[in-house]
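Shown next, in structure tokens, is the structure this report addresses.
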Amino acid sequence: MMTPDVTHVQTLASYELLVSFADGGKRRFSMLPYLHYPAYQGLTQPGKFGLAHVSNGTVAWSDEIDMSPDTLYLAGEEVSNEFTEQAP
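Right under this line is the structure:
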């Protein structure tokens, strides 16, 4: 089975991401366990984590820093749509 593409990302507190996928699913994903890896240490710089955006079907911060959609989908915690709805 192919992992669906990321269609939207929102940054949350404590280095968490709320990721929406093309199949309609949403996952809450913590970047905390990854921040000690050299590839992701730059995300701890002030303001850097908030630059998360969708690029080529996954979450990226820059040309050098991105996260596999497989990891986001498989390791992310599934969330219901109620969690993501904004109050008027």
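According to numbering that gives the first Met the number 0, the residues represented by the sequence shown are 0 to 87, in order. A virtual CB, placed ideally from N, CA and C, is assigned to each residue, including glycine. Just so we're clear, the structure is a prediction, and the values are computed from it rather than from any experiment.
Exercise. Among M1, V8 and Y14, which one has its Cα closest to the Cα of P45?
Worked result: Y14
Exercise. Helix or strand or just coil, what does DSSP make of T2?
Worked result: coil
Exercise. Opposite M66 in the DSSP bridges: which residues?
Worked result: V58
Problem set entry | Buried or exposed (CB count within 10 angstroms, at least 16 for buried), Y72 | buried
Exercise. So, are the CB atoms of G41 and T10 less than 8 Å apart?
Worked result: no
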